Structures are given as C-alpha cells and as structure tokens.
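> I have a structure here, written as structure tokens, and I will follow up with some questions on it.
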Amino acid sequence: DNFPTDDIVADATRMNAVIEAQVRRQLHQYFWLHKRFKSRPPGEADFYAK
Numbered sequence: 001d002n003f004p005t006d007d008i009v010a011d012a013t014r015m016n017a018v019i020e021a022q023v024r025r026q027l028h029q030y031f032w033l034h035k036r037f038k039s040r041p042p043g044e045a046d047f048y049a050k
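Counting in the numbering used here, the sequence shown runs from 1 upward without gaps.
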C-alpha cells in the first residue's frame with residue numbers, strides 16, 4: 001500500500017484503525033495489559049485483582 005502518505009491525519013487514522021482491529025480480536029488481552037485505571041484516588045477501591 002501507499003503508506004505513509006503526505007496526509008498525517010489520514011495516516012494516523014489508518015494506523016489507529018489497524019490497531020483497533022487487532023485489539024478487538026483479543027480484547028481481554030488488551031485490558032490485561034493496559035491498566036487505564038491503575039491510579040485511583042485515595043480511598044477508592046483497586047480496579048484490578050492482585
């Protein structure tokens with residue numbers, strides 16, 4: 001394919017679409033790796049099992 005192009009927005013959009021498609025194939029693995037809520041406010045319960 002013609003990648004990268006001179007259009008950085010289109011290139012970034014395309015890269016994100018490819019990454020999203022791969023993540024959706026094994027979503028549980030992505031959430032295991034990406035601890036989005038690893039920092040919690042004081043007193044808040046831990047989001048992840050230890």
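No residue lacks a Cβ here, since even glycine has one placed at the ideal position from N, Cα and C. A quick note: this is a predicted structure, and the numbers were derived from the prediction, not measured.
Return the residue from the list 47, 29, 43 and 28 that minimises the CA-CA distance to residue 37.
Among 47, 29, 43 and 28, the Cα nearest to that of residue 37 is on 47.
> Can you grab the Cα-Cα spacing for the pair residue 95 / residue 26, in whole Å?
Nothing in the structure corresponds to residue 95, since the chain is present only between 1 and 50.
> Can you give me the C-alpha to C-alpha distance between residue 22 and residue 3, rounded to a whole angstrom?
So the two alpha carbons sit approximately 19 Å from each other.
> Going by DSSP in three states, residue 13 sits in which element: helix, strand or coil?
In this structure, residue 13 counts as helix in the three-state DSSP scheme.
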